[in-house]
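Each remark here refers to the structure printed beneath this line.
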Amino acid sequence: MQSQKSFAKNQATGTLYLVPTPIGNLGDMTFRSVEILKTVDLIASEDTRNTQKLLNHFEIETRQISFHEYNTRERVPELVSKLVQGTNIAQVSDAGMPSISDPGHDLVVACIKNQVPVVPLPGANAGLTALIASGLSPQPFYFFGFLNRKPAEQKRQLEKLVPKKETLLFYEAPHRLKKTLKNMVAIFGGERQAVLCRELTKKFEEFLRGNLQELLTWASDNEVRGEFVVIVEGNQQEERLTESLPEMSVEDQVANLISTGEKPNDAIKQVAKLRGLKKQDVYNNYHHLKE
């Protein structure tokens, strides 16, 4: 067990501050984040050129060092060494919270291992910003982030998510959005409700709400620009089946599940479980077989 008192006096090492940056609108930068960036000894930036624009805007003169996915192996030991020697470092990503979709997690783990305090600051996060305005259930939710770029691996990832009842959160780049939506339609079904959240906090912020098939049609018919948060409704089949029990026949329930892409045997198994019936009885009913 390890205990960290983030603001203890006479700390023997430096502190790693995880500082969120705006996801689009510079007005979302907090006073505390600006103060930390001004007072630390060093800023570890995912892209120093991008971060420099932010520093210039807030008149911050602190020195930067690059820290991204391509130099993680050599940079983590270097940064930890500086922290152990008493250097205070702020880590920032290009936009939003550090450690999400950037190498910050590796640095956090190394700091904890070396008894270096890790202090998180609250701030902008694209996933939660999109979720609360999506209209889909905000809790529970399952944050996935970026899906694998390889089509076959992406399909495997989506297949594992099919049974999840939680609202699903993904990040996606504009040039990959159409292919990702196509895979989601094939695996989740075109009727699954979803929301495309584009250019959050920026001038052209936009929310596109509909089912996956409608959103795929939109992505096919329009020029896709800007970074996206894709929010997909969780698997509600069991709840909807339960709600339909009083007015829908066993045969119709099975047929309804099959129409959403479920395999016949799996549909029969689900209906039998929900109704407390034997699987064979549901099978016979659906196929009009006499005992």
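In terms of full-length UniProt numbering, the sequence shown has 104 at position 104, counting the first letter as 1, and numbering is strictly consecutive. Think of the CB as a built atom: it goes at the ideal place given N, C-alpha and C, for glycine as much as any other residue.
Count Cβ pairs between the segment 118–126 and the segment 3–20 that sit closer than 8 Å; are there 3 or more? Using a Cβ-Cβ distance cut-off of 8 Å, the segment 118–126 and the segment 3–20 are in contact, since at least three pairs of beta carbons, one from each stretch, lie closer than that value.
DSSP bridge partner residues for N211 (one or two, in chain order): Q193
When V84, T15, Q280, E35 are compared against T21, the one with the closest alpha-carbon: E35
Please classify L79 as buried or exposed, where buried requires at least 16 neighbouring CB atoms within 10 angstroms. So L79 ends up on the buried side.
Contact criterion: CB-CB distance below 7 Å. Does V40 meet it with respect to chain B? Among the chains of the structure shown, chain B does not appear; only one protein chain is present.
Flag this pair as yes or no: are the beta carbons of K279 and A272 separated by less than 7 Å? yes
Does A12 come out as helix, strand or coil in the three-state DSSP assignment? DSSP places A12 in coil when its eight states are reduced to three.
Using 8 Å as the threshold, is the segment 38–54 in touch with the segment 63–73, meaning 3 or more CB pairs across them? yes
Using only alpha-carbon positions, find the residue among N71, L37, D266 that is nearest to E61. L37
Between G127 and V40, what straight-line distance do the alpha-carbon atoms span, to the nearest angstrom? 28 Å
Select from E205, D94, G190 the residue whose C-alpha is nearest the C-alpha of C197. Nearest to C197 by C-alpha distance, out of E205, D94, G190, is E205.
Y286 by DSSP, collapsed to three states: which one? helix
Residue closest to S99, alpha-carbon to alpha-carbon, out of L161, T72, L83, Q115: T72
Host alpha helix (DSSP H) of A7 (start-end): One point to set straight first is that residue 7 is Phe, not Ala, in the sequence displayed. No alpha helix (DSSP H) contains F7, which DSSP labels as neither H nor E.
In this structure, how does DSSP classify V224 when only helix, strand and coil are distinguished? In the displayed model, V224 falls within coil according to three-state DSSP, outside both helix and strand.
Between the segment 83–95 and the segment 158–168, are three or more C-beta pairs nearer than 8 Å? no
Kindly indicate which three-state DSSP category R198 falls into: helix, strand or coil? strand
Can you have a look at P103 and say buried or exposed, based on whether 16 or more other CB atoms are within 10 angstroms of its CB? buried
Which partner residues does V92 have in the DSSP bridge list? S45
Alpha carbon to alpha carbon, how far is I23 from Q253? 45 Å
Using the Cα positions of F141 and L289, report the straight-line distance between them to the nearest angstrom. 42 Å
Keeping to the same chain, check which residues put their C-beta closer than 8 Å to that of S138; ignore five residues upstream and five downstream. The sequence shown places Pro at residue 138, not Ser. Cβ within range, chain order: L131, I132, T167.
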